[in-house]
Amino acid sequence: MNRYSDAYRQATEQPEVFWAEQARRLPWYTPPTQVLSYDDQQHARWFSDGEFNICYAALDHHVAQGRAEQPAIYWDSPVTQSRRTLTYRELRDQVAHFAGALAGLGVRKGDRVVIYMPMIPEALVAMYACARLGAIHSVVFGGFAPHELAMRIEDAEPTVVVAASCGIEVDKVVPYKPIIDQALTQSRHQPDACVIFQRDLHPAILGARDHDWGELVANAPFAECVPVKGSDPLYILYTSGTTGKPKGVMRDTAGYAVALAYSMQTIYAMNPGEVMCTASDVGWVVGHSYIVYGPLLHGCTSVVYEGKPVNTPDAGSFWRLIETYRVTSFFTAPTAFRAVKKADPEARLLGEYDISSLKHLYVAGERLDPPTFHWLDDLLDVPVIDHWWQTETGWPIAANQPGLEAMPIKAGSASLPVPGFNVQVLDREGEQAAPMEQGSVVIRQPLPPGCLTGIWRDPQRFHSAYMAAFPGYYLTGDGGYFDETGYLFIMGRTDDVINVAGHRLSTGEMEEVVGGHPAVAECAVIGIHDALKGQVPLGLVIPKDDFSGDELTLENELIARVRETIGPIACFKQVLVVNRLPKTRSGKILRKLLRNMADGKAFGIPSTIDDPTSLEEVHAIMCDRAVGSALIRHA
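Everything in the sequence shown is counted per the numbering used here, starting at 204 for the first residue and increasing by one.
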């Protein structure tokens with residue numbers, strides 16, 4: 204692996220040389236002379252004296268370089284039965300005029316704008332318009348509860364809130380305007396104005412400080428790009444925090460652009476002009492990085508999908524997208540494909556579509572369990588690439604990197620660390636763990652370009668949450684290990700390692716075993732309190748749609764399967780068959796919440812939950828089976 208090894212070594216030993224070379228690939232107003240510097244707490248800052256604008260680099264530059272008539276985005280909305288194509292020129296013009304409208308409302312460089320929108324082209328227009336002005340955007344997932352929206356408005360203190368009149372789900376319309384109004388009544392900060400994009404299915408009634416998007420843009424001037432310093436913030440993206448107060452992850456401008464452009468070439472193996480489809484949402488970091496900014500920085504076309512992996516209209520939705528738009532690289536979360544596998548276990552719908560354009564399939568957002576990997580790998584003739592990263596890092600930490608050098612794929616592994624990420628595994632004492640020994644996965648400072656530069660208005664929280672546990676390292680919060688060949692295996696959050704009678708066991712390993720049963724579509728294993736052993740595992744499984752067997756028999760088969768594979772030491776004696784697992788809107792199973800439920804602790808319904816009724820269903824089953832208070836044991 205000479206190309207990879209050389210790149211990784213240089214990025215580790217000579218980071219300034221390595222990243223200066225990558226930065227030269229992008230258009231600068233003023234090229235940086237200071238590639239790497241440090242703040243007062245010795246946290247890395249990249250390209251701080253350069254002048255840059257990510258909107259110019261992603262749109263205006265490509266228009267000037269001959270891509271004006273190339274599609275920049277394809278919008279595909281099965282929930283509204285609508286499709287649109289915007290070329291680079293059309294998108295640039297819409298962005299420039301909306302930026303002019305925002306400027307007319309008083310938005311200036313450094314101001315904040317909160318964006319509360321579904322997966323429609325106008326969400327991208329709003330984000331780029333903020334970047335064009337040097338304003339800082341904060342996208343809140345459309346449909347978040349008023350209280351959660353209010354907390355983010357209070358923290359970011361936006362000059363303007365931009366929203367759509369509604370979001371559209373598979374079976375309902377969600378009016379956004381009442382949510383915004385309620386959030387603003389709860390917030391101590393009040394924006395100067397709200398801009399509402401009216402959707403035909405549910406137009407909103409506007410109030411005194413509200414402006415109609417269409418009317419505002421019709422009279423708005425064409426705004427030019429405002430140069431900003433490379434280290435100036437591009438956006439704030441809120442992620443959950445242990446205190447209940449969300450953390451406002453801050454991302455810089457130029458370092459982020461350089462990292463994304465590099466990743467598009469080396470990790471996603473994309474060529475300018477090709478089509479990337481990322482089935483996520485602009486409310487999450489995946490949407491920011493690989494729907495909005497990454498593909499367009501690289502001169503590619505991005506698919507903006509307002510739909511689900513199933514039920515819009517069926518489990519063939521992803522295959523249809525690949526065929527329709529001749530997608531080269533497809534990226535989504537493992538949970539999406541588990542939903543597809545559950546609805547169409549034999550993938551019969553795949554046969555209806557021509558997906559020959561596809562070169563690579565990528566999954567991230569949670570661990571890709573080996574059963575789902577093997578299902579996809581057996582199904583497709585392209586590499587299935589698991590890669591690992593976080594909201595905080597903004598782009599992949601570890602991945603197979605076919606654009607740099609293709610590597611053998613190992614089920615359950617995110618492959619090798621990406622150049623720039625000096626990944627290590629430390630034991631409890633802070634010493635390097637031996638191969639195959641699990642520990643805390645950390646990244647040695649300096650973090651590469653593209654990673655968070657702090658927590659908005661809370662520098663101490665940034666240090667205490669990420670940098671204090673192991674001085675000199677960034678704490679990812681994930682546990683894992685390196686194998687003998689240097690492949691990284693992420694086994695889940697460190698709090699998903701359970702202690703059974705003094706033995707530390709990974710619930711991720713148990714999930715591999717349970718998920719490998721042919722009748723299981725999806726599963727989660729959590730550790731719950733046990734008076735004798737400290738903790739014991741509890742399995743929750745969703746059978747495939749075509750499962751017609753006896754549930755008790757399935758439960759006992761799974762218990763025997765774990766006992767045989769991991770051993771009696773796991774004490775895996777409890778399985779519950781459920782219809783759904785409570786998840787966030789980005790597809791992550793709410794394991795901590797499930798643990799609290801099983802342990803009889805107080806719990807609330809989090810704002811990030813996709814379907815609150817799934818929580819109620821699992822809770823009812825736990826109560827019925829007396830989980831936690833009176834353990835149900837199977838022979």
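Virtual Cβ for every residue (Gly too), placed ideally from N, Cα, C.
TODO: Pick helix, strand or coil for residue 787, following the three-state DSSP scheme.
DONE: In the three-state scheme derived from DSSP, where H, G and I count as helix and E and B as strand, residue 787 is classed as strand.
Open item on the list: Please classify residue 325 as buried or exposed, where buried requires at least 16 other C-beta atoms within 10 Å of its C-beta.
Closed with: Buried is the call here.
Open item on the list: So, at 7 Å on beta carbons, what are the nonlocal neighbours of residue 647 in its own chain, with the 5 sequence-adjacent residues on each side left out?
Closed with: In chain order, 625, 627, 675 and 676 place their CB closer than 7 Å to the CB of residue 647, counting only its own chain and leaving out the 5 sequence neighbours on each side.
Task: Residue environment, residue 446, which counts as buried when at least 16 other CB atoms sit within 10 Å - done: With a pLDDT of only 48 at residue 446, under 50, the local geometry of the prediction cannot be trusted, and the value read off the model is given with reservation. Exposed, because fewer than 16 other Cβ atoms sit within 10 Å of the Cβ of residue 446.
Task: Validate contact between the region 414-421 and the region 235-252 using beta carbons, cut 8 Å, 3 pairs - done: No: fewer than three Cβ pairs fall under 8 Å.
Open item on the list: According to DSSP, is residue 625 part of a helix, a strand, or is it coil?
Closed with: The answer is strand: DSSP assigns residue 625 an E or B state.
Open item on the list: I'd like the span of the alpha helix (DSSP H) that includes residue 417, first residue to last.
Closed with: Unbroken alpha helix (DSSP H) run through residue 417: 416-421.
Task: residue 585 and residue 599 closer than 8 Å at C-beta - done: Cβ atoms of residue 585 and residue 599: not closer than 8 Å.
Task: Whole alpha helix (DSSP H) elements within the region 736-799, 4-residue minimum - done: The qualifying runs are 754-768.
TODO: Classify residue 210 as buried or exposed, calling it buried when 16 or more other Cβ atoms lie within 10 Å of its own Cβ.
DONE: Residue environment analysis places residue 210 among the buried positions, since at least 16 neighbouring C-beta atoms fall within 10 angstroms of its C-beta.
Task: Outcome for residue 232 when other beta-carbon atoms lying within 10 angstroms are tallied against a minimum of 16 - done: Exposed is the call here.
- [ ] Compare the C-alpha of residue 782 against each of 814, 800 and 744 and name the closest.
- [x] For residue 782, the nearest C-alpha among the options comes from 744.
TODO: Assign residue 209 to one of three DSSP states: helix, strand, or coil.
DONE: DSSP, reduced to helix, strand and coil, places residue 209 within a helical segment of the structure shown.
TODO: Check the DSSP bridge columns for residue 454 and list the partner residues they point to.
DONE: Under DSSP, residue 454 shares a beta bridge with 438 and 655.
- [ ] Classify residue 270 as helix, strand or coil using the three-state DSSP reduction.
- [x] Secondary structure of residue 270 (DSSP, three-state): helix.
TODO: Would you give the residue range spanned by the beta strand (DSSP E) that residue 677 belongs to?
DONE: In the DSSP annotation of this structure, the continuous segment of the beta strand (DSSP E) that includes residue 677 starts and ends at 676-685.
TODO: Please state if the CB of residue 654 and the CB of residue 711 are separated by a distance shorter than 8 Å.
DONE: Not a contact, by the Cβ cut-off of 8 Å.
Task: Reduced DSSP category for residue 607 - H, G, I as helix; E, B as strand; rest coil - done: Here residue 607 sits in coil by DSSP.
Open item on the list: Less than 6 Å between C-beta atoms, sequence neighbours within five positions excluded: which residues of the same chain meet that for residue 455?
Closed with: If we look at residue 455 and ignore the five residues flanking it on each side, its Cβ neighbours are 434 and 656.
- [ ] Specify, as a first and last residue, the run of the alpha helix (DSSP H) that residue 330 falls within.
- [x] 324-336 is the span of the alpha helix (DSSP H), which, as asked, contains residue 330.
- [ ] Decide if the region 522-530 is in contact with the region 543-560; the criterion is three or more beta carbon pairs, one per stretch, under 8 Å apart.
- [x] Three or more pairs of CB atoms, one per stretch, sit closer than 8 Å, so the region 522-530 contacts the region 543-560.
Task: Status (buried if at least 16 other CB within 10 Å, exposed otherwise) for residue 425 - done: It counts as exposed.
Open item on the list: So if DSSP puts residue 289 in a beta bridge, which residue, or which two residues, is it bridged to?
Closed with: DSSP output for residue 289 lists 276 as bridge partner(s).
Task: Same chain, Cβ closer than 7 Å to residue 346, five either side skipped, listed in chain order - done: Apart from the 5 residues on each side of it in sequence, residue 346 sits with its Cβ closer than 7 Å to the Cβ of 370 and 377 in its chain, given in chain order.
Task: Minimum C-alpha distance to residue 466 - residue among 527, 485 and 228 - done: Nearest to residue 466 by alpha-carbon distance, out of 527, 485 and 228, is 228.
TODO: Rank 389, 287, 366 and 460 by C-alpha distance to the C-alpha of residue 254 and give the top, closest one.
DONE: Minimum Cα distance to residue 254 is reached at 460.
Task: Nonlocal neighbours in the same chain, by C-beta distance under 7 Å from residue 515, ignoring five residues either side - done: Apart from the 5 residues on each side of it in sequence, residue 515 sits with its Cβ closer than 7 Å to the Cβ of 281, 282 and 373 in its chain, given in chain order.
TODO: Output the boundary residues of the beta strand (DSSP E) element that contains residue 896.
DONE: With the chain running from 204 to 838 in the structure shown, residue 896 is simply not present.
Open item on the list: Within 10 Å of its beta-carbon, does residue 604 have 16 or more other beta-carbons around it, so buried, or fewer, so exposed?
Closed with: With 16 or more other CB atoms across the displayed protein chains lying within 10 angstroms of its CB, residue 604 is buried.
Task: Bridge-paired residues (DSSP) for residue 397 - done: Partner residues in the beta bridge of residue 397, as assigned by DSSP, are 364 and 413.
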